[in-house]
Amino acid sequence: MRVKKRKKASRMHGKNQGTHGRGARKKAKKSGHKGGVGMAGSGKRGDQKKTLVLKLHGHEYFGKKGVTSRGTKRDIRKRVNVGEIELHLEKYGKKTKEGYEIKLPNYKILGNGEVKNKLFVTCLEISTSAKEKIEKAGGTVVVKEIKIQVTPIVVNPKHEKKKAGQEKKKESEENSNVKKVKEPKANKKKVADKE
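Using this note's numbering, you'd call the opening residue of the sequence shown number 3 and step up by one each time.
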């Protein structure tokens with residue numbers, strides 16, 4: 003009776019290609035194939051680093067974020083609906099004598115949901131429907147003004163000299179191209195005849 007022997011490490015040394023049954027030999031030679039750098043390996047077998055990554059970066063670290071063509075900038079503005087604010091008033095604002103004061107300087111407020119309480123909102127942006135609902139309930143909206151800083155243009159003196167030299171060169175070329183109008187020469191013979 004023929005029995006198939008089990009694999010043993012000592013039997014695998016130098017077996018045919020000397021790969022010890024692992025596959026391609028080049029995968030195991032020297033330092034060409036490293037384990038990874040930085041966050042490589044997070045979320046692999048046993049979820050080694052997943053808890054740390056979630057603490058540091060949240061759930062946005064894993065997974066794909068949709069398809070965009072190269073060069074397009076993704077809209078990453080923070081948004082919240084009016085209905086969400088109404089449900090969690092203590093989370094988003096403070097209670098005052100008149101109503102609720104809500105400060106969301108980095109958010110755009112959208113109009114999905116209903117508003118029953120007086121909300122005094124300061125935000126980055128707001129949709130027209132959300133503004134109407136807040137004002138209808140007796141609240142107010144203050145939109146934060148975005149100050150655009152204009153950086154002054156620094157003039158490089160070397161570039162200015164170069165430009166001036168190029169302009170002079172152009173002017174000289176234009177002057178040389180213009181043909182000088184020559185005055186007609188008087189015939190000496192005709193002058194002699196008259197005398």
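Just so it is clear, CB atoms sit at the ideal spot from N, CA and C, and this is done for glycine as well. This structure is a prediction, so every number in the text was calculated from the model and none was measured.
Point to revise | CB contact flag (VAL145, ILE136, <8 angstroms) | key: no
Check your understanding: Touching or not, the stretch 59-67 and the stretch 88-97, by the rule of three or more beta carbon pairs under 8 angstroms?
Key -> no
**Study point:** Rounded distance between the beta-carbons of LEU121 and TYR233, thought under 8 angstroms
**Key:** No answer is possible for residue 233: it lies beyond the span of the chain, which begins at 3 and ends at 197.
Exercise for review: Report the option in THR142, VAL117, HIS61 whose CA atom is closest to the CA atom of LYS86.
Suggested key: The residue asked about is misnamed: residue 86 is Glu in this sequence, not Lys. If we check each option's Cα against that of GLU86, VAL117 comes out closest.
Practice item. Measure the Cβ-Cβ separation of GLY115 and GLU88 and say whether it is below 8 angstroms. Key: yes
Point to revise | Backbone CA spacing between THR130 and ILE104 [nearest angstrom] | key: 18 angstroms
Review point. Under the rule that 16 or more other beta-carbon atoms within 10 Å means buried, what is LEU54, buried or exposed?
Key: Exposed, since its Cβ has fewer than 16 Cβ neighbours within 10 Å.
Check your understanding: So what does DSSP say about VAL143, is it helix, strand or coil?
Key -> Reduced to three states, the DSSP call for VAL143 is strand.
Check your understanding: If you scan the stretch 57-110 from start to end, which runs of the alpha helix (DSSP H) of 4 or more residues do you find wholly inside it?
Key -> 84-89, 91-94
Review point. When DSSP labels each residue in this structure, what does VAL55 get in the three-state scheme?
Key: Of the three classes helix, strand and coil, the one that applies to VAL55 here is helix, per DSSP.
**Study point:** One or two residues paired with ILE128 in a DSSP bridge
**Key:** ILE111
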